[in-house]
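Residues in the sequence shown are numbered from 324 upward in steps of one, following this note's numbering.
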Amino acid sequence: MKNAFPAKTRLLAALLIAALLLCLLCGCDAKPAPSGSAAPAQSGGAQTDAPVTDPPASRTEPVATEPPAVTTTEPAPPDESWKLLLVNAEHPLPEGYSVELKALRNGHYVDERIYPELQQMFDDARAVGIYPLINESFRTGERQQQIMDKYIASYEASGLSHDAAVRKAREIVALPGTSEHQLGLALDIIAEFDADSTATWNWLRDNCWRYGFILRYPADKVEITGISYEPWHFRYVGVPAAQEITEQGLALEEYVERLG
Ligand SMILES: [Zn+2]
324 MKNAFPAKTR
334 LLAALLIAAL
344 LLCLLCGCDA
354 KPAPSGSAAP
364 AQSGGAQTDA
374 PVTDPPASRT
384 EPVATEPPAV
394 TTTEPAPPDE
404 SWKLLLVNAE
414 HPLPEGYSVE
424 LKALRNGHYV
434 DERIYPELQQ
444 MFDDARAVGI
454 YPLINESFRT
464 GERQQQIMDK
474 YIASYEASGL
484 SHDAAVRKAR
494 EIVALPGTSE
504 HQLGLALDII
514 AEFDADSTAT
524 WNWLRDNCWR
534 YGFILRYPAD
544 KVEITGISYE
554 PWHFRYVGVP
564 AAQEITEQGL
574 ALEEYVERLG
């Protein structure tokens with residue numbers, strides 16, 4: 324009896340059966356791996372072992388926190404010696420002293436550097452019902468001479484000799500070149516709207532240091548200043564000096580001498 328399948332086909336079938344038997348014996352599973360299962364070690368091991376969350380070594384090195392060295396040169400502090408310039412009978416105005424003036428109301432002028440604090444002082448005074456008015460401010464040497472001449476003429480008219488009138492006038496008026504008013508840092512202040520300036524002078528005496536001013540000729544310093552008590556005359560010296568002078572009860576002459 325002749326086989327219905329050719330010999331070649333029989334051989335292939337025999338090989339297929341043999342391979343299937345081998346598979347069953349070794350237990351291998353031909354099903355695909357379920358999705359989400361662990362990746363095969365040979366393909367994923369290198370990636371999962373890599374320290375991906377660690378920063379590269381170069382980024383863990385300390386970063387310099389020191390600020391960069393400043394190479395620019397510091398500007399010199401401004402010269403503030405003008406604030407403590409002493410002008411009196413023994414210390415005349417420096418030769419050629421000049422000042423930039425700021426025009427105020429009523430034809431008055433002051434050193435423009437003191438204007439902001441002067442304005443603040445007047446604003447704060449008005450806020451508490453005190454109304455100061457500037458009566459005298461910057462004077463030129465010529466103006467100082469005119470004032471001196473007026474006093475001399477007045478004393479002569481009252482019967483004094485010329486020499487006696489000059490001596491008397493010099494007790495009250497500073498010689499040209501020796502008045503603080505020529506600095507633009509001194510002000511004579513009275514009360515606006517009121518003949519009695521006492522409340523204004525008291526407020527200024529107590530508060531002017533906050534704005535850099537001092538009562539320049541106190542009653543208890545006549546021997547030192549050589550000027551009789553002038554409750555109306557205030558001088559700018561800057562806040563630090565004004566505070567110290569006021570707290571320690573000094574005349575400007577004493578303060579300047581202590582500084583050397
Ligand atoms: Zn004065």
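C-beta: ideal position from N, C-alpha, C; glycine also. Please read all numbers here as calculations on a predicted model, not as lab measurements.
Taking Phe-445 as the centre and dropping the five residues before and after it, the same chain places the C-beta of Pro-455 closer than 8 Å to its C-beta, in chain order. Taken in chain order, the complete beta strand (DSSP E) segments of 3 or more residues contained in the segment 535-563 are 536-540, 553-559. His-504 is bridged by DSSP to nothing; it lacks a bridge partner.
The alpha-carbon separation between Lys-425 and Arg-490 amounts to approximately 34 Å.
Checking the 7 Å criterion, the Cβ of Asp-511 is within range of a heavy atom belonging to ligand 1. Between Asn-411 and the set Pro-400, Ile-495, Val-433, the nearest pair of CA atoms involves Ile-495. The beta carbon of Glu-577 sits closer than 7 Å to those of Ile-547, all from its chain and outside the five residues before and after it, given in chain order. The three-state secondary structure of Asp-446, taken from DSSP, is helix. By the neighbour-count criterion, in which 16 or more other beta carbons inside 10 Å mark a residue as buried, Gly-535 falls on the buried side.
Relative to ligand 1, the nearest heavy atom lies less than 7 Å away from the CB of Glu-553. The secondary-structure analysis by DSSP pairs Glu-459 across a beta bridge with Asp-511. Residue range 424-426 is occupied by the beta strand (DSSP E) that includes Ala-426, with no alpha helix (DSSP H) assigned at that position. The three-state secondary structure of Val-579, taken from DSSP, is helix. Taking 7 Å as the cut-off, one finds no heavy atom of ligand 1 near enough to the beta carbon of His-414. Spatial neighbours of Gly-464 in its own chain (CB-CB distance under 7 Å, excluding positions within 5 residues in sequence) are listed in chain order as Pro-499, Gly-500, Gln-505. The criterion of a C-beta distance shorter than 8 Å is satisfied by His-556 and Asp-511.
Relative to ligand 1, the beta carbon of Glu-459 is positioned inside 7 Å of a heavy atom.
Distance between Arg-558 and Ile-537, taken at the CA atoms: about 5 Å. Burial is judged here by how many other beta carbons sit within 10 angstroms of a residue's own beta carbon; Arg-449 has fewer than 16 and is exposed.
For Asp-472, the enclosing alpha helix (DSSP H) starts and ends at 464-480. Around the beta carbon of Thr-521, fewer than 16 other beta carbons sit within 10 angstroms, so the residue counts as exposed. According to DSSP, residue pairing for Asn-411 in a beta bridge involves His-414. If you ignore the 5 residues before and after Leu-416, its C-beta comes within less than 6 Å of the C-beta of Val-410, Gly-500, Gln-505, all in its own chain and listed in chain order.
Sequence-distant Cβ neighbours of Ile-453 in its own chain, meaning closer than 7 Å and more than five residues away, are Ala-522, Thr-523, Trp-526. Spatial neighbours of Thr-569 in its own chain (CB-CB distance under 6 Å, excluding positions within 5 residues in sequence) are listed in chain order as Trp-532. Looking only at Glu-503, Tyr-540, Ser-460, Ala-488, the smallest Cα-Cα distance to His-414 is reached by Glu-503.
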